[in-house]
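Asks: Numbering (our numbering), first residue to last: 580 to 1032. Just so you know, even glycine gets a beta-carbon here, dropped at the ideal spot from N, CA and C.
This is the structure in structure tokens:
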């Protein structure tokens, strides 16, 4: 009898192992399909606009009008909704690239002589030292258009072949948008609106570099900007000028650190405080203390998700009882590319695509949704999207609103998984769910979700 039982157990274990292997194979198959779809959808940006910018720049350089050449590059980047201009040096050429919708795009090539003229003009405009080529430098310059001025932040990096330059375009009209355009679903929008109406507490916007944290922060501050409130910001550096708001700048070289500046700022009787970024325990401690003493504090933190934010804060040795009493809401976010509305059309799904969509629906607990009702799109490409299929970007969120039960769990040093489980009962939509829901609605694509994940 014992031997028979042992044999049955072995058979059962073997069956379970086979089942697990099948699941692994299914997952591998899903990943394989996903990789194939991403590879298939890769498109190189190209446009007649690129050629026009190249002609204007090179004509200006031939006439030795370096100021016009630099202005044409900047205006071209603005026209194409680029956030950064990259000058990349190689042995035989220099490539000019724009970051469009967070994707680096080759615009045209420059000879070393042509680049020399632009480099000198860039340094001169940015008050950088022309004779220093072996040390990184950074500063900024501005260009004036008809109704506004735009700051360009310049950073140089000595490389094997020359000095690489990256110019960040700081256009306040693009960074501060209407609150309604932040792509919140109605449940998450309701959470945010309730949070910013409070007189104290702390709101954290989190995500990696390039996830749109600054836009979310500035847009929220702009919504709060009324004459009955005093709003003071502490930034490093001040990226955009905000009318009616007191803005101060950290200067680490002069020992004007976040901690020292924040202490001084609290004596200015603010109602709302925006701290550009929380980098260490001291800044976190002062910011949370401010939220506990009657101030609404908004800030950012570099983490991947709302759950990781909790871990990061606890790892910075902030006591859980202070965290539970100070923090009100965490907004974790990403940016994905938006489908070009001018050239998109619905496509017939392949069996592989249906299987992939079905697996994603099961993963987020929406298996009851009919797969046939989920649309996928294809494009012909057009000049408006530079034949990339995408134009503009969509915000994706994961928001934790701290309920009394969540605060209780934090005070008890509960695990992040338990806190997330409780948050699910309070309208938490995970980032992946938000991605997929926005893909289903046709704002972005399933493939774009897979690329960014």
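For residue 743, which option in 654, 816, 669 and 960 has the closest C-alpha, if you only look at C-alpha atoms?
Replies: Comparing Cα-Cα distances from residue 743 to each of 654, 816, 669 and 960, the minimum goes to 669.
Asks: Taking residue 697 as the reference, which of 638, 964 and 777 has the closest Cα?
Replies: It is 638 whose Cα lies nearest to the Cα of residue 697.
Asks: On the criterion of 16 or more Cβ atoms from any shown chain inside 10 Å, does residue 915 qualify as buried, or is it exposed?
Replies: Result: buried.
Asks: Hey, is residue 664's beta-carbon within less than 9 Å of any beta-carbon in chain C?
Replies: The question asks about chain C, but that chain is absent: this structure has only one protein chain.
Asks: Between 657, 777, 993 and 980, which has its C-alpha nearest residue 875's C-alpha?
Replies: Of the candidates 657, 777, 993 and 980, the one whose C-alpha sits nearest the C-alpha of residue 875 is 777.
Asks: Compare the C-alpha of residue 750 against each of 683, 819 and 1011 and name the closest.
Replies: Checked all of 683, 819 and 1011; the closest Cα to residue 750 is 819.
Asks: Using 8 Å as the threshold, is the stretch 909-924 in touch with the stretch 882-894, meaning 3 or more CB pairs across them?
Replies: These segments touch.
Asks: Would residue 628 and residue 965 qualify as a contact pair, given that the criterion is a beta-carbon distance under 9 Å?
Replies: Taking 9 Å as the Cβ cut-off, residue 628 and residue 965 qualify as a contacting pair.
Asks: Check whether the stretch 973-984 and the stretch 896-909 are in contact - that is, three or more C-beta pairs closer than 8 Å.
Replies: Counting Cβ pairs under 8 Å, three or more are found: they touch.
Asks: When you compare the stretch 991-999 with the stretch 919-928, are there three or more beta-carbon pairs, one atom per stretch, that lie closer than 8 Å?
Replies: The stretch 991-999 is not in contact with the stretch 919-928.
Asks: Could you have a look at residue 603 and say whether DSSP puts it in helix, strand or coil?
Replies: Interpretation of residue 603 is limited by its pLDDT of 40, a score under 50 that renders its predicted location unreliable; no figure is taken from the coordinates.
Asks: Whose C-alpha, out of 775, 956 and 969, is nearest the C-alpha of residue 1019?
Replies: Minimum Cα distance to residue 1019 is reached at 956.
Asks: According to DSSP, simplified to helix, strand and coil, what is residue 597?
Replies: Residue placement at residue 597 is poorly supported in this model, since its pLDDT is 44, which falls under 50; the coordinates are not used for a value here.
Asks: With a CB to CB cut of under 7 Å and the five nearest residues on each side skipped, what residues in its chain are close to residue 1027?
Replies: 915 and 916, listed in sequence order.
Asks: Rounded to whole angstroms, what is the Cα-Cα separation between residue 981 and residue 892?
Replies: Rounded to whole angstroms, residue 981 to residue 892 spans 15 Å at the Cα level.
Asks: Give me the Cα-Cα distance between residue 863 and residue 692, rounded to the nearest whole angstrom.
Replies: Distance between the alpha carbons of residue 863 and residue 692 is about 49 Å.
Asks: Using beta-carbon positions only, say whether residue 804 and residue 775 come within less than 9 Å of one another.
Replies: For residue 804 and residue 775, no; Cβs fall outside 9 Å.
Asks: What are the uninterrupted segments assigned as beta strand (DSSP E) that are 3 or more residues long and contained completely in the stretch 726-781, given in chain order?
Replies: Within the stretch 726-781, the complete beta strand (DSSP E) runs of at least 3 residues are 728-737 and 742-749.
Asks: What number of angstroms, rounded off, separates the C-alpha of residue 755 from the C-alpha of residue 791?
Replies: Whole-angstrom Cα-Cα distance: 11 Å.
Asks: With a threshold of 7 Å on Cβ separation, who are the neighbours of residue 848 within its own chain once the five nearest residues in sequence on each side are excluded?
Replies: Within the same chain, residue 848 has close Cβ partners 809.
Asks: Would you mind giving the Cβ-Cβ distance between residue 687 and residue 659, rounded to the nearest angstrom? I have them listed as a contact below 8 Å.
Replies: Not a contact, Cβ separation roughly 13 Å.
Asks: What residue range does the beta strand (DSSP E) around residue 928 cover?
Replies: Neither: residue 928 is in no beta strand (DSSP E) and is coded neither H nor E.
Asks: Answer with buried or exposed for residue 646, where buried requires no fewer than 16 other C-beta atoms within 10 angstroms of its C-beta.
Replies: Exposed is the call here.
Asks: Express the C-alpha separation of residue 852 and residue 602 in angstroms, rounding to a whole number.
Replies: Because residue 602 sits at a pLDDT of 44, beneath the cut-off of 50, its placement in the model cannot be relied upon, and the following sentence gives the value as read from the coordinates. Using only the alpha carbons, I get a separation of about 50 Å.
Asks: What number of angstroms, rounded off, separates the C-alpha of residue 960 from the C-alpha of residue 649?
Replies: The alpha-carbon atoms of residue 960 and residue 649 are separated by roughly 29 Å.
Asks: Does the Cβ-Cβ distance between residue 761 and residue 798 come in under 9 Å?
Replies: Their beta carbons are under 9 Å apart, which means residue 761 touches residue 798 by this criterion.
Asks: Name the residue from 715, 681 and 689 whose alpha carbon lies nearest to the alpha carbon of residue 671.
Replies: Among 715, 681 and 689, the Cα nearest to that of residue 671 belongs to 689.
Asks: DSSP beta-bridge partners for residue 974?
Replies: Note: residue 974 sits in a beta bridge opposite 914.
Asks: Do you know how far the Cα of residue 865 is from the Cα of residue 985?
Replies: Rounded to the nearest angstrom, the two C-alpha atoms are 23 Å apart.
Asks: If distances are taken between C-alpha atoms only, which option among 1022, 838, 1006 and 901 comes closest to residue 987?
Replies: If we check each option's Cα against that of residue 987, 901 comes out closest.
Asks: How would you call residue 772, buried or exposed, if buried means at least 16 neighbouring beta carbons within 10 angstroms?
Replies: So residue 772 ends up on the exposed side.
Asks: Do you know whose CA, among 930, 1024, 812 and 822, lies nearest residue 855's CA?
Replies: Selected option, being the one with the closest Cα: 812.
Asks: Look at the Cβ atom of residue 747, then the Cβ atom of residue 731, and state whether they are nearer than 9 Å.
Replies: For residue 747 and residue 731, yes; Cβs fall inside 9 Å.
Asks: Can you tell me whether residue 704 is helix, strand or coil according to DSSP?
Replies: Helix.
Asks: Relative to the alpha-carbon of residue 734, which residue among 664, 968, 685 and 765 has its alpha-carbon at the smallest distance?
Replies: Residue 734 has its Cα closest to that of 664, out of 664, 968, 685 and 765.
Asks: Please report the residue range of the alpha helix (DSSP H) in which residue 828 lies.
Replies: Counting along the chain, residue 828 falls outside any alpha helix (DSSP H), though it belongs to the beta strand (DSSP E) covering 825-828.
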